[in-house]
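Notes follow the structure.
In our numbering, the protein residues as written are 820 to 1113.
Spelled out as structure tokens, the structure:
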């Protein structure tokens, strides 16, 4: 029989997976898989389990939000032979699942995990030992994604993030950084920055280009300088969401790798989870590194 490692975050999305688990396991069995099921117990548990139990698996399937997916793919990066991945999205936002156009219904997503076709996608390497699937970000509001309590996410869904964002309005400040990439460099004080490989960020599709390819070896980079007046802030919002004329405070470019050096320690978010604090980091696109069923 074919071997499957099935990693489940039981707290994602109000624990919806529990209502579908028997049907999903039955489907996997019908498709000829011997399933080893693991329910995560703590942060980084999914990464450790995947790295240990993923060896020799024909297929790894994970159910959870973007953070769970990040952990599983990070664990897969430690394997010599990387298995195919199936994803059953169960989180509050599921940005990457939206980019892949995966079914929102769990049993349909489970069927896609075993009956779909492998799609080759890029993975971001963050420094020497961290990875991300669709976003690495710093600055204003980024901490909202990992500071919002899970129980609040389960009750309020996307609105929970909005409430936490309002709370963080009093702590908006710039980060002085030097940004270097293949075609240029930039220095300044930045309110926000993100390196992405997605069509959706935080449930919003207006922050990134519509022509993003998930497997072309390139990141989309967005940097926003610290506004000096309410008028500056208004023009930034107009550019990002209303698509008005180019704005000198907003920079966009594509690159295979980028190095960011800050004057002080900067907190980073990787796929919605805390990614550590760095003064300097190099971010590299690992082109077509994984195969994911869709």
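Built from N, CA and C at the ideal position, the CB exists for glycine as well.
{"Check": "Have a look at residue 823 and residue 1103 and give me their C-alpha separation to the nearest angstrom.", "Outcome": "30 Å"}
{"Check": "Hey, quick one: how far does the alpha helix (DSSP H) through residue 931 stretch, first residue to last?", "Outcome": "925-934"}
{"Check": "Quick one: Cα of residue 875 to Cα of residue 908, how far?", "Outcome": "24 Å"}
{"Check": "Around the Cβ of residue 902, are there at least 16 other Cβ atoms within 10 angstroms (buried) or fewer (exposed)?", "Outcome": "buried"}
{"Check": "With residue 890 as the anchor, note down where its alpha helix (DSSP H) starts and where it stops.", "Outcome": "885-895"}
{"Check": "Going straight from the alpha carbon of residue 895 to that of residue 1040, what length do you get?", "Outcome": "25 Å"}
{"Check": "Check the DSSP bridge columns for residue 1082 and list the partner residues they point to.", "Outcome": "According to DSSP, residue 1082 bridges with nothing at all."}
{"Check": "Can you tell which of 1013, 918, 871 has its C-alpha closest to the C-alpha of residue 897?", "Outcome": "871"}
{"Check": "Find the nearest neighbour of residue 877 within the set 850, 885, 1054, 1033, judged by alpha-carbon distance.", "Outcome": "850"}
{"Check": "Between which two residues does the beta strand (DSSP E) harbouring residue 941 extend?", "Outcome": "937-945"}
{"Check": "Following the continuous beta strand (DSSP E) through residue 1004, name the residue where it begins and the one where it ends.", "Outcome": "1003-1015"}
{"Check": "Let me confirm a value: residue 1044 is counted as buried when at least 16 other C-beta atoms fall within 10 Å, else exposed. Which label applies?", "Outcome": "buried"}
{"Check": "Please go through the same chain and pick out, in chain order, the residues whose beta-carbon is closer than 6 Å to the beta-carbon of residue 913, but skip the five residues on each side of it.", "Outcome": "none"}
{"Check": "My understanding is that residue 957 touches residue 1003, with C-beta atoms under 8 Å, so please give their C-beta distance in whole angstroms.", "Outcome": "Rounded, the Cβ-Cβ distance is 19 Å, inconsistent with contact."}
{"Check": "Kindly list the residues whose CB is nearer than 8 Å to the CB of residue 1077, restricted to its own chain and excluding five residues on each side of it in sequence; keep chain order.", "Outcome": "998, 999, 1000, 1014, 1038, 1040, 1101, 1102"}
{"Check": "Return the chain-ordered list of same chain residues with a C-beta closer than 8 Å to the C-beta of residue 820, the five sequence neighbours on each side being excluded.", "Outcome": "851, 852, 853"}
{"Check": "Would you identify the three-state DSSP class for residue 1117, choosing helix, strand or coil?", "Outcome": "A question about residue 1117 goes unanswered here, because the residues of the chain that appear run from 820 up to 1113."}
{"Check": "Between the segment 880-887 and the segment 823-837, are three or more C-beta pairs nearer than 8 Å?", "Outcome": "yes"}
{"Check": "Within the continuous beta strand (DSSP E) that includes residue 907, where are the two ends?", "Outcome": "903-908"}
{"Check": "Using three-state DSSP, classify residue 1069 as helix, strand or coil.", "Outcome": "strand"}
{"Check": "Along the chain, where does the alpha helix (DSSP H) that runs through residue 846 open and close?", "Outcome": "836-849"}
{"Check": "Please identify the residue among 837, 1033, 888 whose C-alpha is closest to the C-alpha of residue 865.", "Outcome": "888"}
{"Check": "Rounding to the nearest angstrom, what Cα-Cα distance links residue 1082 and residue 1010 in this structure?", "Outcome": "14 Å"}
{"Check": "Let's see if you can read the secondary structure: which residues bound the beta strand (DSSP E) around residue 953?", "Outcome": "Where residue 953 is concerned, there is no enclosing beta strand (DSSP E), given that its DSSP letter is neither H nor E."}
{"Check": "Where do the N-terminal and C-terminal ends of the alpha helix (DSSP H) with residue 866 fall, by residue?", "Outcome": "864-872"}
{"Check": "Answer yes if the segment 946-955 comes into contact with the segment 910-925, meaning at least three C-beta pairs across the two stretches below 8 Å, and no otherwise.", "Outcome": "yes"}
{"Check": "Using 10 angstroms around the beta-carbon of residue 1050, count the other beta-carbons present and answer buried if the total reaches 16, otherwise exposed.", "Outcome": "exposed"}
{"Check": "Am I right that residue 1034 and residue 1107 are in contact with their C-beta atoms under 8 Å? What's the rounded C-beta distance?", "Outcome": "5 Å"}
{"Check": "Assuming residue 944 and residue 938 form a contact by the criterion Cβ under 8 Å, report the distance between their Cβ atoms to the nearest whole angstrom.", "Outcome": "With 8 Å as the limit, residue 944 and residue 938 do not qualify as a contact, their Cβ atoms being about 20 Å apart."}
{"Check": "Please say whether residue 856 and residue 1113 have beta carbons closer to each other than 8 Å?", "Outcome": "no"}
{"Check": "Is residue 995 near the ligand SAM, with its Cβ less than 7 Å from a heavy atom?", "Outcome": "Of the ligands one can find in the structure shown there are none, so the ligand SAM has no counterpart to examine."}
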